[in-house]
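Asker: Under the working numbering, the letters of the sequence shown match residues -14 to 213, in that order.
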Amino acid sequence: MPDRNLADWNIPVTDEFLNGVHRGLRRRRLLRGAAAGGALLAVAAVVTFTIARIDTFGPAQTSASPSASGSPVSTELDGFRITQLPEGAAQTGPDSIYTAAVTDKGLRNDGATPAAGEPKASVTMRRFDRGPGVGLFVTVLRPRPGTDPAVGAAQIADWLARWASKGGTSTGAFDVPVGTARLLVEAGSTTTGHRVVITTPDHVVMTIEGNAAFTAAELETVARGITR
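Structure (structure tokens):
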């Protein structure tokens, strides 16, 4: 087969494609940190790739309009209780738990163990599925103050919140039982993704995000249903 010059290719890159890549990268970084710590099933990489493809290519798979009221549940995640889930969503697999260093650029998910005294955060992630490849992730990021350099929990939480919000456009803040939440929108050419970032008075950061099949109202319902 004859070689072709790369300049001969004219492949359009849409906003939707880029947003899907960003969502996939953020989730893969969290999952990669868990895998490095030995806390994640080997299938996670395949599952995450599937989610990124669904977010990126084609319309979201929604056979019916899910109820924003959700389904009542009672499940604990690192000191928080998740009391509402989107209709049809159920926990899949064990939680992913690990610790990663935190810098002014956010969570450092390179698989390395944080050095003694380094600012860090514990990461606890739970996955809920509503059909094949339609995953919802709830993550708790709990700061661990550092002494080298000296960085307190409030500063670490600020770094984490900025990192978790990157790439999204905020539609405003709203109160939730555990603190303050922001709904973020990532608009593509044919689909729109959403995520919620929660900050608590004691400097914990939580994220709620998933496949574009989950609506903003559904994610907001999950956020409003998180208690202690």
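Where is the CB? At the ideal position from N, CA and C, for every residue including glycine.
Indicate whether L214 and V123 have their beta-carbon atoms separated by less than 8 Å.
Answerer: Residue 214 cannot be examined here, being either before or after the span of the chain that is shown, -14 to 213.
Asker: Under DSSP, the beta strand (DSSP E) around E265 begins and ends at which residues?
Answerer: Beyond the ends of the chain as shown, which are -14 and 213, falls residue 265; an answer cannot be given.
Asker: Return the chain-ordered list of same chain residues with a C-beta closer than 6 Å to the C-beta of L204, the five sequence neighbours on each side being excluded.
Answerer: Residue 204 sits at position 219 when you count from the first residue of the sequence shown. So the qualifying residues of the chain are H179, V181, I193.
Asker: So which of A85, G102, G96 has the shortest CA-CA distance to V108?
Answerer: Your numbering for residue 108 matches position 123 in the sequence shown. Of A85, G102, G96, the residue nearest in Cα terms is A85.
Asker: Can you look up D80 in the DSSP assignment and give me helix, strand or coil?
Answerer: What you label residue 80 is simply residue 95 of the sequence shown in a count that begins at 1. If DSSP states are grouped into helix, strand and coil, D80 belongs with coil.
Asker: Rounded to a whole number of angstroms, what is the C-alpha to C-alpha distance between R115 and A74?
Answerer: Locating residue 115 in the sequence shown gives position 130, where the first residue counts as 1. Locating residue 74 in the sequence shown gives position 89, where the first residue counts as 1. If you take the alpha carbons of R115 and A74, they lie about 4 Å apart.
Asker: For the segment 84 to 116, list the beta strand (DSSP E) runs that are entirely contained and at least 3 residues long, ordered along the chain.
Answerer: 91 to 93, 105 to 114
Asker: Give the DSSP-derived three-state secondary structure of A74 in the structure shown.
Answerer: Here residue 74 corresponds to residue number 89 of the sequence shown, with the count starting at 1. Correct three-state label for A74: coil.
Asker: In the DSSP assignment, find the beta strand (DSSP E) that holds T206 and state where it starts and stops.
Answerer: If you number the sequence shown from 1, residue 206 lands on position 221. First-last for T206: 201 to 209, but that is the alpha helix (DSSP H), not the beta strand (DSSP E).
Asker: What distance in whole Å lies between the Cβ atoms of R167 and S150, which are believed to be in contact at a cut-off of 8 Å?
Answerer: Taking the sequence shown and counting its residues from 1, the one referred to as residue 150 is at position 165. Taking the sequence shown and counting its residues from 1, the one referred to as residue 167 is at position 182. About 7 Å; that satisfies the 8 Å criterion.
Asker: Among residues of its own chain, excluding the 5 on either side of G195, which ones have a beta-carbon nearer than 7 Å to its beta-carbon?
Answerer: Indexing the sequence shown from 1 puts residue 195 at position 210. Excluding sequence neighbours, G195 sits near G120, L121, F122.
Asker: Under DSSP, the alpha helix (DSSP H) around S150 begins and ends at which residues?
Answerer: Reading the sequence shown from its first residue, position 165 is the one you call residue 150. 138 to 150 is the extent of the alpha helix (DSSP H) around S150.
Asker: Nearest to Q76 by alpha carbon, out of T177, W148, R112?
Answerer: Walking along the sequence shown from the start, residue 76 turns up at place 91. Closest option to Q76, Cα to Cα, is R112.
Asker: Ignoring anything shorter than 3 residues, give me the beta strand (DSSP E) runs that lie fully in the segment 145 to 186, in order along the chain.
Answerer: If we require 3 residues or more, the beta strand (DSSP E) runs fully inside the segment 145 to 186 come out as 154 to 161, 164 to 172, 177 to 184.
Asker: Does A37 come out as helix, strand or coil in the three-state DSSP assignment?
Answerer: In the sequence shown, residue 37 corresponds to position 52, counting from 1. Interpretation of A37 is limited by its pLDDT of 36, a score under 50 that renders its predicted location unreliable; the figure taken from the coordinates is listed afterwards. Helix, per DSSP.
Asker: Just the C-alpha distance for V207 and P162, rounded to the nearest angstrom, thanks.
Answerer: As a working note, residue 207 is residue 222 in the sequence shown. As a working note, residue 162 is residue 177 in the sequence shown. In a straight line, the C-alpha of V207 is about 11 Å away from that of P162.
Asker: Does the distance from the CB of P186 to the CB of G164 come in under 8 Å?
Answerer: For the purposes of this step, residue 186 is taken as the residue at position 201 of the sequence shown. For the purposes of this step, residue 164 is taken as the residue at position 179 of the sequence shown. Cβ atoms of P186 and G164: closer than 8 Å.
Asker: For the 8 Å Cβ check, are there 3 or more pairs between the segment 89 to 109 and the segment 130 to 143?
Answerer: With a cut-off of 8 Å, the segment 130 to 143 and the segment 89 to 109 count as touching, because enough Cβ pairs lie within range.
Asker: Does DSSP put A135 in a helix, a strand or coil?
Answerer: Residue mapping note: residue 135 aligns to position 150 of the sequence shown, counting from 1. Residue state, collapsed to three classes: strand.
Asker: Name the residue from T88, F65, T98, G210 whose alpha carbon lies nearest to the alpha carbon of F159.
Answerer: Along the sequence shown, one-based indexing puts residue 159 at 174. F159 has its Cα closest to that of G210, out of T88, F65, T98, G210.
Asker: Bridge partners for T212 per DSSP, in chain order?
Answerer: The sequence position of residue 212 within the sequence shown is 227, counting from 1. Here T212 is bridged, per DSSP, to R66.
Asker: Within 10 angstroms of the Cβ of A172, are there 16 or more other Cβ atoms? Answer buried if so, exposed if not.
Answerer: As a working note, residue 172 is residue 187 in the sequence shown. Flag for A172 reads exposed.
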